[in-house]
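Engineer: I'd like to ask you about the structure that follows.
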Amino acid sequence: EPTSELAGLKIMVTAGPTREPLDPVRFISNHSSGKMGFAIADAAVKAGAQVTLVAGPVNLPTPQGCQRHNVLSADDMLKACETYAESTDIFIATAAVADYKASQVAENKIKKVGDELTLTFIKNPDILATIAARQNKPFCVGFAAESENVEAYARGKLVNKGLDMIAANDITAEGLGFNSDNNALHVIWNDGDKHLPASSKAELAKGLVSLIAQQYNKN
Ligand code: C5P
């Protein structure tokens, strides 16, 4: 059931985890499946948008009709996003970007010598906040996965990252969220909000895309 809510618009979506190398054979990452972001990319294509999907390492097929750019690290994801940002009308950041990366990636495999190993990490760039701070910024939508004070933390991120909209979800809710096929979202913007009740990520993606189209067209 294609619609034309986003006809003619260019949309960039980040999805999945990032992978931060420690040495030539090891990395740190997280369990993000990328399902929500891929569902949003699919829904945006079906709503008539031209979609670029910047994907971390995930095991998902590319939604039909979107352009996919695979990346591993947060630095690479940022580079890709900055390249596409120029011609992006709406940026939707669903990626679970690693907060930190190794301060130095070892050139050779780290050997198991002592009984303890200490590594130093440094903060990764905030991809969403960086794109939202651009002069010619796209309409920016973030996600906030929280385990407490969900709405308050989400509203904080809306303001602090300079976003137009944020989709909050309570990660403690039974059977929803991370890695699950279902989710529920509380979508918040400057002068309004809407609860999208628990359903499949495909259904939620459709609802979110409609809300984004509504708010984008108000601007
Ligand atoms: O601050 P927090 O990680 O909770 O923010 C989540 C939102 O910010 C998500 O939309 C996520 O994709 C985005 N983000 C990002 N780059 C980071 C961290 C988060 O784009 N380094």
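Heads up, the UniProt record's numbering is the position in the sequence shown plus 181, with the first residue counted as 1.
Quick reminder that beta carbons are idealized off the backbone N, C-alpha and C, glycines included.
(1) Would you check if the distance between the CB atom of Thr269 and the CB atom of Ile192 is smaller than 8 Å?
(2) Assign Lys387 to buried or exposed, taking buried as 16 or more other Cβ atoms, counted over all protein chains shown, within 10 Å of its Cβ.
(3) Tell me whether Ser328 is buried or exposed, calling it buried when 16 or more other Cβ atoms sit within 10 Å of its Cβ.
(4) Taking 7 Å as the cut-off, is the C-beta of Asp307 nearer than that to any heavy atom in the ligand C5P?
(5) Please tell me whether Ala283 and Leu298 are closer than 8 Å, where the distance is taken between their beta carbons.
(6) Looking at the structure shown, is Lys318 part of a helix, part of a strand, or coil, going by DSSP?
(7) In terms of residues, what are the limits of the beta strand (DSSP E) holding Glu355?
(8) Taking only heavy atoms of the ligand C5P into account, decide whether any of them is closer than 7 Å to the Cβ of Phe219.
(9) Have a look at Glu201 and Gln285 and give me their C-alpha separation to the nearest angstrom.
(10) Exposed or buried, what is Asn240 when buried is set at 16 or more other beta-carbons lying within 10 Å of its beta-carbon?
(11) May I ask you to report which of helix, strand or coil DSSP gives Glu288?
(12) Does the beta-carbon of Thr264, which I'm using as the reference point, lie nearer than 7 Å to any heavy atom of the ligand C5P?
(13) Could you name the residues of the same chain whose beta carbon sits closer than 7 Å to that of Thr195, not counting the 5 residues immediately before and after it, in chain order?
Structural biologist: A quick look at the data gives this:
(1) Position 88 of the sequence shown holds residue 269. Position 11 of the sequence shown holds residue 192. Taking 8 Å as the cut-off, the beta carbon of Thr269 is found closer than this to the beta carbon of Ile192.
(2) To locate residue 387, count along the sequence shown from 1; it is residue 206. With 16 or more other Cβ atoms inside 10 Å of its own Cβ, Lys387 counts as buried.
(3) Taking the first residue of the sequence shown as 1, we reach residue 328 at position 147. It counts as exposed.
(4) The residue labelled residue 307 in the question sits at position 126 within the sequence shown. Yes; taking the cut-off as 7 Å, the Cβ of Asp307 has a heavy atom of the ligand C5P nearer than that.
(5) Here residue 283 is taken as the residue at index 102 of the sequence shown, counted from 1. Here residue 298 is taken as the residue at index 117 of the sequence shown, counted from 1. Their beta carbons are not under 8 Å apart, which means Ala283 does not touch Leu298 by this criterion.
(6) Here residue 318 refers to the residue found at position 137 of the sequence shown. Here DSSP, grouped into helix, strand and coil, assigns Lys318 to coil.
(7) Counting from one through the sequence shown, the residue named residue 355 turns up at place 174. Neither: Glu355 is in no beta strand (DSSP E) and is coded neither H nor E.
(8) For the purposes of this step, residue 219 is taken as the residue at position 38 of the sequence shown. For the ligand C5P, not one heavy atom lies less than 7 Å from the Cβ of Phe219.
(9) In the sequence shown, the residue the question calls residue 201 occupies position 20. In the sequence shown, the residue the question calls residue 285 occupies position 104. Glu201 and Gln285: Cα-Cα distance of roughly 11 Å.
(10) The residue given as residue 240 occupies position 59 in the sequence shown. Exposed, since its Cβ has fewer than 16 Cβ neighbours within 10 Å.
(11) Taking the sequence shown and counting its residues from 1, the one referred to as residue 288 is at position 107. The answer is coil: DSSP assigns Glu288 none of H, G, I, E or B.
(12) Within the sequence shown, residue 264 is the residue found at index 83, counting from 1. It does not: the Cβ of Thr264 is nowhere closer than 7 Å to a heavy atom of the ligand C5P.
(13) Counted from its first residue, the sequence shown places residue 195 at position 14. Gly218, Val235, Met258, Cys262, Ala274, Thr275, Ala276 and Ile308, listed in sequence order.
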